[in-house]
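If you want my numbering, it's the position in the sequence shown, counting the first as 1, plus 756. Every residue, glycine too, gets a C-beta built ideally from N, C-alpha and C.
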Amino acid sequence: MFRFLHSSDLHLGKRFGSFSGDLPGRLREARHGVIARLAQHAREHGAGTILLAGDTFDTETPAPEVRRQALAEMRHHAPLTWVLLPGNHDSLQAAPLWATLKAEAPDNVILATTPRPLDLAPGVVLLPAPCTTRRPGRDLTEWMDGHPTPEGTLRLGLAHGAIRSFSEDAVAGDVIAPDRARRAGLAYLALGDWHGAVEVDSRTRYSGTPEPDRFKHEAPGTALLVSLAGANALPEVTALPTASFAWRSLDLHLLEGDDPVAALVARLPEARARRQTLARLIASGHTRLAGQAALAGAVAEAAPDFALLELDETGLSTACVPDDLDLIDRAGALREAADALLAEAGDASRSAAEREVARAALARLYSYAQTVAS
């Protein structure tokens, strides 16, 4: 029995520049912490090797501290063996990066930088397909088909890139042949690039990123424990949890008459999980102006409990009646502004974007008026 861990897309050093405050730092540290979590899983399940199928680093020029601290952490977990494959974010085109890694890598870190077989254990050979550039434009796994190994050898493939429609960078067309494992006689083909875990066939899988970094993939981050009893045996694959943060899109559909705050409370995760949760609340349906203001206020009230909580109201239709405008003001400049915004929001001659801006402005004006009144 040969056991190993399959992971990919750690994207160490990712900047998360669209966020503010201490969140980018927390997210970067969580990615570094993945190394220790992978090592713990490997030890607990008797796996001596961890395959990282590309994009270990987020860029071709990671900061020295990102690079050196990652290698130091891997060295700390010897005798576990780490195999690093160049991906599209840290491809071989970054020659200085891989030259520096070669000089600094500890003995238990193998750099799979050339398409040649690597002996992982007696009778176990790894066939890597390192990314030569960010978009190689060809199937880098093709060489595996014609490379012979002794009878009974356990052949493992390691690659990074698109297969079928799975590509984080929306590369058109297939790059890696979907049946490469069969063509090359691989017991298992470990893939990286797609950030969600996907089973392509019984011998081919994307592990997904161990620490999610966007709302695109709803499943929590995992690594794959792969057990192989022999060259012809089907792999036994077990997903192991690795993520410290959860990224969740929460749908909130409202009907007129619904209590938006009660609906919100019912959708939010339990209190103790919120600090490690990034949540996007997607509101849709219909509500009154007062309901929209109450929802926005409730989200603002709950936001400090979360790593991130944001509200997307673009799909929420907000109805307004004269009584709502009376709660802003019955006369004067504020009422004139409210009347003008209401007219713009319902003006069919305006673009949808302009009407949406007017609706949002009216809701904000209503919310401010209620805050002042209270």
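If you check the beta carbons only, do residue i and residue j fall under 7 Å apart?
i: leucine 836; j: alanine 798; result: yes
i: leucine 1045; j: threonine 1070; result: no
i: leucine 912; j: tyrosine 944; result: yes
i: alanine 933; j: aspartate 895; result: yes
i: leucine 914; j: alanine 850; result: no
i: aspartate 901; j: alanine 940; result: yes
i: leucine 1090; j: leucine 1118; result: no
i: leucine 1081; j: alanine 1094; result: yes
i: glycine 917; j: valine 931; result: yes
i: serine 847; j: threonine 889; result: yes
i: alanine 1125; j: isoleucine 1084; result: yes
i: leucine 1011; j: glycine 1041; result: yes
i: tryptophan 899; j: proline 871; result: yes
Using a Cβ-Cβ cutoff of less than 8 Å, which residues in the same chain neighbour residue i once the five nearest sequence positions on both sides are dropped?
i: leucine 1006; result: Arg1023, Leu1024, Ala1035, Arg1036, Leu1037, Ile1038
i: glycine 964; result: Ser764, Asp765, Trp950, His951, Gly952, Ala953, Val954, His973, Ala975, Gly977, Thr978
i: serine 1123; result: Ala1049, Ala1052, Gly1053
i: proline 873; result: Val881, Leu882, Leu883, His903, Thr905
i: arginine 804; result: The question names arginine, but residue 804 is glycine in the sequence shown. Cβ within range, chain order: Arg759, Phe760, Ala798, Pro835, Leu836, Thr837, Ala877.
i: glutamate 1092; result: none
i: phenylalanine 775; result: Leu783, Leu1064
Just mark residue i as buried or exposed, buried being the case when its beta carbon has 16 or more other beta carbons within 10 Å.
i: glutamate 967; result: buried
i: valine 790; result: buried
i: aspartate 875; result: exposed
i: serine 958; result: exposed
i: proline 852; result: exposed
i: alanine 937; result: buried
i: arginine 1086; result: exposed
i: glycine 1102; result: exposed
i: histidine 832; result: exposed
i: alanine 1114; result: buried
i: histidine 1009; result: exposed
i: threonine 812; result: buried
i: arginine 823; result: buried
i: proline 886; result: buried
i: proline 820; result: exposed
i: aspartate 969; result: buried
i: leucine 910; result: buried
i: arginine 787; result: buried
i: alanine 989; result: exposed
i: proline 997; result: exposed
i: glycine 777; result: exposed
i: glycine 781; result: exposed
i: glycine 1088; result: exposed
i: glycine 1047; result: buried
Excluding sequence positions up to five away, which residues of its chain have a Cβ less than 7 Å from the Cβ of residue i?
i: alanine 792; result: Glu829
i: alanine 877; result: Phe758
i: phenylalanine 971; result: Trp1003, Ser1005, Arg1036
i: leucine 827; result: Glu860, Ala861, Pro862, Val865
i: threonine 1127; result: none
i: alanine 795; result: His833, Leu836
Can you list, in chain order, the residues of its chain with a C-beta nearer than 6 Å to that of residue i? Leave out the 5 residues immediately preceding and following it.
i: alanine 1054; result: Val1017, Leu1020
i: glycine 773; result: none
i: proline 818; result: Gly769
i: threonine 994; result: Leu981
i: leucine 1067; result: Leu1037, Val1055
i: alanine 834; result: Asn864
i: isoleucine 866; result: Val839
i: leucine 1014; result: First, the residue type needs correcting, since residue 1014 is aspartate and not leucine in the sequence shown. No residues qualify anywhere along the chain.
i: glutamate 992; result: Ser983
i: glutamate 800; result: none
Regarding residue i and the ligand NAD, is the C-beta to nearest heavy atom distance less than 6 Å?
i: alanine 989; result: For the ligand NAD, the structure offers nothing, since it holds no ligand at all.
**Cβ pair count under 8 Å reaching 3, the region 851-870 against the region 824-843** = Inter-segment contact for the region 851-870 and the region 824-843 is present: three or more beta-carbon pairs are separated by less than 8 Å.
**Item:** At least three beta-carbon pairs within less than 8 Å, the region 1020-1040 to the region 993-1010
**Value:** Yes: at least three Cβ pairs fall under 8 Å.
**Request:** Spell out a yes or no on whether the region 1103-1110 and the region 1052-1065 are touching, meaning 3 or more CB-CB pairs, one atom from each, closer than 8 Å.
**Result:** No: the two stretches stay apart, fewer than three of their Cβ pairs being nearer than 8 Å.
**Prompt:** Is it a yes or a no for the region 965-984 touching the region 757-777, going by three-plus beta-carbon pairs under 8 Å?
**Reply:** With three or more CB-CB distances shorter than 8 Å, the region 965-984 counts as touching the region 757-777.
**Prompt:** Mind pulling the alpha helix (DSSP H) runs of 4 or more residues that sit fully within the region 811-898?
**Reply:** The region 811-898 contains these whole alpha helix (DSSP H) runs: 820-832, 851-860.
**Prompt:** On the three-pair Cβ rule with 8 Å, is the region 878-889 touching the region 899-914?
**Reply:** The answer is yes - the region 899-914 touches the region 878-889, with three or more Cβ pairs under 8 Å.
**Request:** Give, in chain order, every unbroken run of the alpha helix (DSSP H) that is at least 4 residues long and sits entirely within the region 1003-1043.
**Result:** Within the region 1003-1043, the alpha helix (DSSP H) runs of at least 4 residues that lie entirely inside it are, in chain order, 1016-1023.
**Request:** Just list the alpha helix (DSSP H) runs in the region 1084-1109, keeping only unbroken ones of 4 residues or longer that don't cross its boundaries, in chain order.
**Result:** Within the region 1084-1109, the runs of alpha helix (DSSP H) that reach at least 4 residues and sit entirely inside it are, in chain order, 1089-1101.
**Message:** Could you tell me which whole alpha helix (DSSP H) segments of length 4 or greater appear in the region 902-963?
**Reply:** With a minimum length of 4 residues, the continuous alpha helix (DSSP H) runs that stay inside the region 902-963 are 936-940.
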